[in-house]
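Read the structure below first, then the notes.
Next up, the structure:
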């Protein structure tokens, strides 16, 4: 490290900033704090100190970023007290959150992310006399709580809410997630309402099972539904009508329809005309219809024209017809796209930049060529999870022609990918992702794949140009029992095999 620091010290500040921005903030602070005054000045910049995230996501569970207690102790004893006034957001894991909060006073801290929280953890933390007596209870306005899905019981949620609202009296934004940080945790409202309240809360993100009450004072509402909705008119619209004074509305769902797709005319007639106070409307809506040859089906241009006089601009429309499944898919969404998931991307994907998206699924009845994956990797730079569902093999001539270009532009690069699900994909897509001349991804990947396809594509685990990417896998989920476990383990030397 001493040699490395000497080499880095010869670089101008501008270059050091570019390098450090590509690294983890905690790693930078741990590695370079105290080396010299120049380094301290650079790494104490708010870019590296304003938000510190101590947990990291590993296989749908948050764990400590540093396995060594020595590193954590150094943060608590020296680094955090030094930069305490610069910290505005802390993400903490259950085991170490108390030590970090006790390490210093944080006068500018306004946001907390607490991960792997159980009821007992919350009780101990939120009833702690030091926390109750400190300014934190007045400072914290944003709180994210990640709950172990095995502990996500109704009583747990209610009790945690009780502790939260009694401690953080100025809370405006509260989000509950399960431990995978992908699904909002559930709090039921179909029984007598729990005995907690908040006069300051503006944004609450949870999973709601049923909600039949009118809430005319609500100003902001976002609905994200993972499952397909079968009765859009009977379920979604009545729910929205209970919030007659909304100023901001966000919708993300897939719905089955019978005769017409959800388009601009539908949104104007059924939503906007009922929301007189609405100032901001974002949406990501997919409507699915069973089709036959006798139907007069709209084109992408037909759908887009329904937004010509829409009060909110930058609307994108996509139309796909899947003849094998006799389905039509109309996808309309506002751009910039603010949702975390982008479902059912097809070859008709219009491109663009989607920096907020973390989960992407691909589906089509036509092949995905290599150029398509390059576009996907560039459009979703922060993608963490990718699911591919396509049984149609690539056009080898087109893929081979593109791969003859030896420049780096021919490689699809996924810098943040941690989960890859290709167990429902043609062999060509397994080759696409495992071949290091086509795809680059970083270490610590979860790979979900069919065993026989994997065996075939890797040439019985002897192929060289798929070996590099396989060494980056640290959890391998196979569809059937491994027949030659030693060969698989040798080919995936760092992977836990399920």
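In full-length UniProt numbering, the protein residues as written are 1 to 498. Glycine included, every Cβ here is placed at the ideal spot set by N, Cα and C. Small disclaimer: the values here were computed from a predicted structure and weren't measured.
Nearest Cα to residue 75 within the set 52, 201 and 94: 52.
Residue state for residue 295 is assigned as coil, using DSSP reduced to three classes. Beyond the five residues adjoining it in sequence on each side, residue 103 comes within less than 6 Å, by CB distance, of 76 and 80 in the same chain, given in chain order. Counted as a single uninterrupted DSSP element, the alpha helix (DSSP H) harbouring residue 49 occupies residues 46-49.
Looking only at 129, 282 and 262, the smallest Cα-Cα distance to residue 305 is reached by 262.
The beta carbon of residue 375 sits closer than 8 Å to the beta carbons of 349 and 351 from its chain, once the five residues preceding and following it are set aside; these are given in chain order. In the structure shown, the three-state DSSP call for residue 419 is strand.
Residue burial is scored here from C-beta neighbours: residue 140 has at least 16 other C-beta atoms within 10 angstroms and is therefore classed as buried. One thing to note: residue 163 has its Cβ no nearer than 8 Å to the Cβ of residue 111. Below 8 Å, enough C-beta pairs join the segment 442-462 and the segment 412-420 to call them touching: three or more.
Residue 371: member of the alpha helix (DSSP H) spanning 370-379, first to last residue. Three or more Cβ pairs closer than 8 Å define a contact, and the segment 358-367 meets that threshold against the segment 327-347. For residue 33, no beta strand (DSSP E) run applies, since DSSP gives it neither H nor E.
Under the criterion of beta carbons closer than 8 Å, residue 327 and residue 288 qualify as touching, at roughly 6 Å.
The beta carbon of residue 100 sits closer than 6 Å to those of 92, all from its chain and outside the five residues before and after it, given in chain order. Distance from the CA of residue 22 to the CA of residue 228, rounded to the nearest whole angstrom, comes to 38 Å. The C-beta of residue 383 has 16 or more other C-beta atoms within 10 Å across all chains shown, which makes the residue buried. Burial state of residue 390 is buried, judged by a 10 Å Cβ sphere holding 16 or more other Cβ atoms. Along the length of the segment 218-249, whole beta strand (DSSP E) runs at least 3 residues long occupy 220-224, reported in chain order. The residue among 356, 461 and 221 with its C-alpha nearest the C-alpha of residue 251 is 221. Across the set 69, 49, 67 and 57, the C-alpha of 49 shows the shortest separation from the C-alpha of residue 82. Around residue 33, the same chain offers 40, 43 and 79 as residues with beta carbons nearer than 7 Å, after the five sequence neighbours per side are excluded. In this structure, residue 356 sits near residue 337, with a CB-CB distance shorter than 8 Å. If you keep only unbroken alpha helix (DSSP H) runs of at least 4 residues inside the segment 48-135, you get 69-74, 80-83, 97-102, 119-126 and 129-133. Boundaries of the alpha helix (DSSP H) around residue 429: 427-434. In terms of CA proximity to residue 325, 291 leads the group 291, 473, 497 and 315. Apart from sequence neighbours up to five positions away, the residues of its chain that approach residue 332 with a beta-carbon distance below 6 Å are 285 and 317, ordered along the chain.
The closest CA to that of residue 428, considering only 440, 392 and 353, is found on 392. Taking residue 477 as the centre and dropping the five residues before and after it, the same chain places the C-beta of 448 and 498 closer than 6 Å to its C-beta, in chain order.
Taking the Cβ atoms as the reference, residue 434 lies roughly 5 Å from residue 469, within the contact range of under 8 Å. Taking the Cα of residue 313 as reference, the smallest distance to any Cα among 295, 283 and 329 is reached at 283. Between residue 172 and residue 127, the gap from beta carbon to beta carbon reaches 8 Å or more.
Beta-bridge annotation (DSSP): residue 424 is paired with 389.
For residue 328, the enclosing beta strand (DSSP E) has its first and last residue at 327-334. Sixteen is the threshold: when 16 or more other Cβ atoms of the shown chains lie within 10 Å of the Cβ of residue 106, as they do, the residue is buried.
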